[in-house]
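Only one structure is covered here, and it is reproduced in the block below.
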Amino acid sequence: ITFALVNVLAIAIGDISKYRNANLNVCLHFQWEEVSIMDEKNIPIRTYQVCNVLEPSQNNWLRTDWIPRSGAQRVYVEVKFTLRDCNSLPGVTGTCKETFNLYYHESNDDRESYIKESSFIKVDTVAADESFTQVDVGDRIMKLNTEVRDVKVTTRKGFYLAFQDVGACIALVSVRVFYKTCPLTIRNLATFPDTVTGADTSSLVEVRGSCVNQSEEREEPKMYCGADGEWLVPIGGCLCNPGYEDKGGACKACTAGFYKAKSSDVGCSKCPPHSHSLRDGATVCDCHSGYYRADTDPPAMACTQPPSAPQQLISVVNKTSVVLEWSPPRRLGGRSDTKYPRLGSDSGSGSQLCLPCGSDVVFSPGQTDLKATRVVVSELRAHTHYTFIVQAGNGVSQISGAGTAQSVSVTVTTNQAAPSPVSSIQATDVTRHSLSLSWQQPDRPNGVILEYEVKFYEKDQRERSYRIMRTFSRSVDVTGLNPLTVYVFHVRARTAAGYGEFSASFEFSTNSDPFPLIGEGVNSAFLLLSVSGVGILLLISAAVFIISRRYTHTNMHTLLSIEPGVKIYVDPFTYEDPDQAIHEFAKEIDVSSIHIERVIGMGEFGEVCSGRLRLQGKREIYVAIKSLKAGYSDKQRRDFLSEASIMGQFDHPNIIRLEGVVTRCKPLMIITEYMENGSLDAFLRKHDGQFTVIQLVGMLRGIASGMKYLSDMSYVHRDLAARNILVNSNLVCKVSDFGLSRVLEDDPEAAYTTREATGTYLSPGGKIPIRWTAPEAIAYRKFTTASDVWSYGIVMWEVVSYGERPYWDMNNQDVIKAIEEGYRLPAPMDCPVVLHQLMLDCWERERAERPTFSQILNMLDKLIRNPGTLRRTGGERPTATMLESGVGSEVCVSVVPEVCMPEWSVCEWLQSIGLERYRDTLAAAGYTNSTVFRTFCLSPRTHTTFLVNGILGKDERLQFPGVNT
Ligand code: AMP
Numbered sequence: 031i032t033f034a035l036v037n038v039l040a041i042a043i044g045d046i047s048k049y050r051n052a053n054l055n056v057c058l059h060f061q062w063e064e065v066s067i068m069d070e071k072n073i074p075i076r077t078y079q080v081c082n083v084l085e086p087s088q089n090n091w092l093r094t095d096w097i098p099r100s101g102a103q104r105v106y107v108e109v110k111f112t113l114r115d116c117n118s119l120p121g122v123t124g125t126c127k128e129t130f131n132l133y134y135h136e137s138n139d140d141r142e143s144y145i146k147e148s149s150f151i152k153v154d155t156v157a158a159d160e161s162f163t164q165v166d167v168g169d170r171i172m173k174l175n176t177e178v179r180d181v182k183v184t185t186r187k188g189f190y191l192a193f194q195d196v197g198a199c200i201a202l203v204s205v206r207v208f209y210k211t212c213p214l215t216i217r218n219l220a221t222f223p224d225t226v227t228g229a230d231t232s233s234l235v236e237v238r239g240s241c242v243n244q245s246e247e248r249e250e251p252k253m254y255c256g257a258d259g260e261w262l263v264p265i266g267g268c269l270c271n272p273g274y275e276d277k278g279g280a281c282k283a284c285t286a287g288f289y290k291a292k293s294s295d296v297g298c299s300k301c302p303p304h305s306h307s308l309r310d311g312a313t314v315c316d317c318h319s320g321y322y323r324a325d326t327d328p329p330a331m332a333c334t335q336p337p338s339a340p341q342q343l344i345s346v347v348n349k350t351s352v353v354l355e356w357s358p359p360r361r362l363g364g365r366s367d368t369k370y371p372r373l374g375s376d377s378g379s380g381s382q383l384c385l386p387c388g389s390d391v392v393f394s395p396g397q398t399d400l401k402a403t404r405v406v407v408s409e410l411r412a413h414t415h416y417t418f419i420v421q422a423g424n425g426v427s428q429i430s431g432a433g434t435a436q437s438v439s440v441t442v443t444t445n446q447a448a449p450s451p452v453s454s455i456q457a458t459d460v461t462r463h464s465l466s467l468s469w470q471q472p473d474r475p476n477g478v479i480l481e482y483e484v485k486f487y488e489k490d491q492r493e494r495s496y497r498i499m500r501t502f503s504r505s506v507d508v509t510g511l512n513p514l515t516v517y518v519f520h521v522r523a524r525t526a527a528g529y530g531e532f533s534a535s536f537e538f539s540t541n542s543d544p545f546p547l548i549g550e551g552v553n554s555a556f557l558l559l560s561v562s563g564v565g566i567l568l569l570i571s572a573a574v575f576i577i578s579r580r581y582t583h584t585n586m587h588t589l590l591s592i593e594p595g596v597k598i599y600v601d602p603f604t605y606e607d608p609d610q611a612i613h614e615f616a617k618e619i620d621v622s623s624i625h626i627e628r629v630i631g632m633g634e635f636g637e638v639c640s641g642r643l644r645l646q647g648k649r650e651i652y653v654a655i656k657s658l659k660a661g662y663s664d665k666q667r668r669d670f671l672s673e674a675s676i677m678g679q680f681d682h683p684n685i686i687r688l689e690g691v692v693t694r695c696k697p698l699m700i701i702t703e704y705m706e707n708g709s710l711d712a713f714l715r716k717h718d719g720q721f722t723v724i725q726l727v728g729m730l731r732g733i734a735s736g737m738k739y740l741s742d743m744s745y746v747h748r749d750l751a752a753r754n755i756l757v758n759s760n761l762v763c764k765v766s767d768f769g770l771s772r773v774l775e776d777d778p779e780a781a782y783t784t785r786e787a788t789g790t791y792l793s794p795g796g797k798i799p800i801r802w803t804a805p806e807a808i809a810y811r812k813f814t815t816a817s818d819v820w821s822y823g824i825v826m827w828e829v830v831s832y833g834e835r836p837y838w839d840m841n842n843q844d845v846i847k848a849i850e851e852g853y854r855l856p857a858p859m860d861c862p863v864v865l866h867q868l869m870l871d872c873w874e875r876e877r878a879e880r881p882t883f884s885q886i887l888n889m890l891d892k893l894i895r896n897p898g899t900l901r902r903t904g905g906e907r908p909t910a911t912m913l914e915s916g917v918g919s920e921v922c923v924s925v926v927p928e929v930c931m932p933e934w935s936v937c938e939w940l941q942s943i944g945l946e947r948y949r950d951t952l953a954a955a956g957y958t959n960s961t962v963f964r965t966f967c968l969s970p971r972t973h974t975t976f977l978v979n980g981i982l983g984k985d986e987r988l989q990f991p992g993v994n995t
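Numbering-wise (the numbering used here), the sequence shown opens with residue 31 and increments by one.
Right, here's the structure in full:
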């Protein structure tokens, strides 16, 4: 038997000497004899023999001892015997048999001494396959038969076997009793125990396997143990636990450097890049230091790093919205899920503390988790400083704890913006000639609403003739209307930034019932009177209507009603009483709080002094005081104060700030912030060649920023020149001289033009500063922001040439002619090519071709960010130097005075100065991305003190000890 032969219950009878008294205490019955014979190998063996062939009716029994069943249900009996051929026995009659019978008897009693014959159940009659003819062992003619029978034994603890001889010549050589099991086995990583087969030859025993060590059930492991001891139909199985793999049916731990993350039938895998496993049985590999794995990263993925900061953050301000654009980080850290998880911003004006953006600020497409590298931030407050921080991140940023190192910021100042349109208008109290209009404040006022303008016209007339009403409140009574007429109304709001757009049109009709009071019981006389009265009224109103129509034809902007009570902006040049305008926008200062110190210049209307101003509750500041000399005319007074009225409407770091006015006592004074370095042209001439190009560009940037602010407010300066730019001790340039109504008469550069004024932009007789003015403004006084851009180009030239006079000593007529013929100022010495190109762009003949101030500002910002682009110049000259300090008054210079530049990382900074190769050296020395790097060009053997203005307040400066080059 090749399969599991287990538990031989009875041992070979031939070995009876050994077991005789042990477990095979064979009982002899009748003729059975214990005889020794020699087996085939001539080894003596013991047998039980019987051979009563000559006598009839033989019934000789041989019974075994009790054999315990031991859980078996079917036992096998293997009998080895020899049998004598009846024919070979001489003289034998028909009584000779060649078979014997095998019986069994089940019993719980292991010592039954007597068992009745009838208690035995016959298993089979056993015949010999081979019989032999003579007993001659020496000749090897004895034939040994082996017969196996099986018996189901299920009812008692054990059984007895019995052999019945009915007259054969037989020798029992051995009886082996056994049962079959399906042996312990491991299949699909489940262990199946040694299992006894079933009772029937066809029965299958269902066995549940148990998972081997370090494995878990995939599906219930099952097999069937067949009757012949063979395992059949394996189902289900187990899988090695994480960290273990199947090695020859056992789960073995993954070795170091390998891992297995899941219960699966695959083997251990090598650790992915940037990770390792030090111990056996790793379920995941640990990341190398500085590398991380996101929760959602599969264990097979390489460990990764957070991205570096986004690059090249560019901002473009458009009124109260900002477009931010940036490039993806240089290092993505080995991942493709770079997002811009946070787009933050802080706002604060002037020196106030930064505040987070209000919740009403709209980020489009969103503020977090952006995939795009462009976002539009709108609904910002008008004219406010905002710092935007763009942070790059990926799946491992949080885990790595990387924060600001991955962010880049930019600071912008929003522009003034006009209010949004009024969305709906209601009409009430409609009568024949009047109605009351009311409306809601615009959704986005963008500032304090100073007034509303109501435009209306008869629907039939379209907009050929319309009337305008201005009011401080959100309602107005419109009178003087024609009966039974449909009118179209539009309303728009105005702030200091100007008018917003008109609302959509709303149509209302005057009352159609001429006599609503007339009813029953009114007498005919009254009726007659009323009718005639109404007729007269109609005639009068028709006459009024015709007159008013004619009037509105010629005066499109007829002011019909101004309601009192609300502060209103008054255009200082169109309003009769300059005092009313001045008090709208300028603070009246008590003369006692002003302390005049010295005369610093001469203005059109009188001296300009410097001094100190101490307002209650505030610290003392230095101011410039302009006073109106005695004996002034009304016009002079109006012109003098109008500058303050204009200046008071502006609030920008590059526009000279008005502190207030003194109008209640003589002399009249205008108090502005004090600009230590006076006017820019004189300042540059005094310090010829002493600034770095980047410093000069910083000044130009400030002027451009101020001009952009003015142009956003639709204010045209008309006299932009270096002489009208003032410079403070920090080298911050501010636009000044807003005496627009003076028509430049106070400007010594302004000259009368020889041509006729064709437009109405300036009063006739106005003078024009020819060298600074665009050709179209000279030719037909077309002063626009584009003509201011032309002047800005001249200012650029003045700045880069350190206050040189434009067109040198050419006379005005020659300048006009040269410009007309296409001549343009050449690049000043050492002027970077890009700057001269920008000048030439500003001097485009077609004003539409000139850049806007916004574009100029962006361009200069880019140049400042990439100083390398400023290196190429047209001419030769020693390197520009920084001011040496120490001679008399110290001059402070800053690279980019009022602008907060994005921080440069170590890498970017080194790149900008061509020293990238020192990156590792600096990193090793602990200079991280949070260190701000700036390069200053200094002249040899000079002492320089550095002051750093923080974003939190211009007045808070950090002073570093001086350095000597
Ligand atoms: P104005 O004619 O009003 O531009 O002033 C005449 C001169 O006074 C200027 O050229 C400056 O030198 C000086 N000045 C005017 N305003 C200031 C100021 N705010 N700070 C310093 N100097 C000023």
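The beta carbon of each residue, even a glycine, is placed where N, CA and C say it ideally should be.
From the DSSP output, read off the bridge partner residues of residue i.
i: Asp-1005; result: What the structure shows of the chain is the stretch from 31 to 995, and residue 1005 is not part of that stretch, so it cannot be assessed.
i: Val-438; result: Val-420
i: Trp-91; result: Gln-194
i: Leu-400; result: Tyr-370
i: Thr-129; result: Ala-157
i: Tyr-321; result: Note: Tyr-321 sits in no beta bridge, so no partner.
i: Ile-3; result: The structure shown does not extend to residue 3, since the chain spans only 31 to 995, so no value can be given for it.
i: Cys-268; result: Glu-247
i: Glu-236; result: Tyr-254
Shortest alpha-carbon distance to residue i belongs to which of the options?
i: Arg-524; options: Val-629, Val-452, Ser-345 and Ser-430; result: Val-452
i: Trp-838; options: Pro-858, Gly-852, Pro-86 and Trp-820; result: Pro-858
i: Ser-294; options: Lys-277, Ala-312, Gly-278 and Leu-269; result: Leu-269
i: Met-331; options: Asn-760, Val-442, Gly-320 and Asp-316; result: Asp-316
i: Phe-208; options: Cys-199, Ile-651, Thr-227 and Ile-700; result: Thr-227
i: Gly-197; options: Asn-131, Thr-215 and Glu-147; result: Asn-131
i: Val-518; options: Tyr-496, Phe-502, Gly-510 and Ala-526; result: Tyr-496
i: Thr-185; options: Ser-137, Glu-618, Ser-640 and Thr-414; result: Ser-137
i: Met-632; options: Lys-210, Ile-651, Ser-657 and Tyr-652; result: Ser-657
Let me know if residue i comes out buried or exposed under the rule of 16 or more other beta-carbons within 10 Å of its beta-carbon.
i: Gln-867; result: exposed
i: Ala-752; result: buried
i: Pro-546; result: Annotation note: pLDDT 36 at Pro-546 (below 50); position unreliable, coordinate value reported separately. Exposed, by the Cβ-count rule.
i: Asn-994; result: exposed
i: Ser-143; result: exposed
i: Asn-841; result: exposed
i: Tyr-948; result: exposed
i: Thr-176; result: exposed
i: Glu-483; result: buried
i: Ile-576; result: Bear in mind that the predicted position of Ile-576 carries a pLDDT of just 40, short of 50, making it too unreliable to give a figure here.
i: Glu-834; result: buried
How many whole angstroms separate the CB atoms of residue i and residue j, which I take to be in contact at a CB cut-off of 8 Å?
i: Val-107; j: Leu-219; result: Between Leu-219 and Val-107 the Cβ distance is about 38 Å, and since that is not below 8 Å, they are no contact.
i: Leu-900; j: Pro-862; result: 4 Å
i: Ile-676; j: Phe-768; result: 4 Å
Identify the continuous beta strand (DSSP E) that holds residue i and give its terminal residues.
i: Arg-248; result: 245-255
i: Trp-356; result: 351-357
i: Thr-77; result: 74-81
In terms of residues, what are the limits of the alpha helix (DSSP H) holding residue i?
i: Pro-836; result: From DSSP, Pro-836 is part of no alpha helix (DSSP H); its letter is neither H nor E.
i: His-304; result: That residue, His-304, is in no alpha helix (DSSP H); it is neither H nor E in DSSP.
i: Gly-641; result: Where Gly-641 is concerned, there is no enclosing alpha helix (DSSP H), although the beta strand (DSSP E) it sits in stretches over 637-643.
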